[in-house]
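In the UniProt record's numbering, the protein residues as written are 1 to 70.
Below you'll find the structure, written out as structure tokens, and then a few comments.
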């Protein structure tokens, strides 16, 4: 049986913080979307700040925060 629910991932940059743990993200094609944090990021208390580069799946869930080498 073939699974037709293929999840795609996109890279984005956090440009705004919204209430209820939601974020405004700018995708690589300059579209702005509102996304929320996945459960694993919430459980592990990973902080997401303005300007962070994140990975978003097709359901507008933030699933990864890239490490910023400062």
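Just so it is clear, CB atoms sit at the ideal spot from N, CA and C, and this is done for glycine as well.
None of these values were measured; they are calculated from a predicted model.
If you count every other CB in all the chains shown that lies within 10 Å of the CB of residue 12, and 16 or more means buried, which is it?
-> buried
State the DSSP-derived secondary structure class of residue 39, mapped to helix, strand or coil.
-> helix
Apart from the five residues on each side of it in sequence, which residues of its chain come closer than 6 Å, Cβ to Cβ, to residue 22?
-> 34 and 36
With a 10 Å radius around its C-beta and 16 neighbouring C-beta atoms as the bar for buried, classify residue 25 as buried or exposed.
-> buried
Length of the line joining the Cα atoms of residue 41 and residue 28 = The straight-line gap from Cα to Cα measures roughly 22 Å.
Between the Cα of residue 77 and the Cα atoms of 63, 8 and 14, which residue gives the shortest distance?
-> Because the chain here runs from 1 to 70, residue 77 falls outside it and cannot be looked at.
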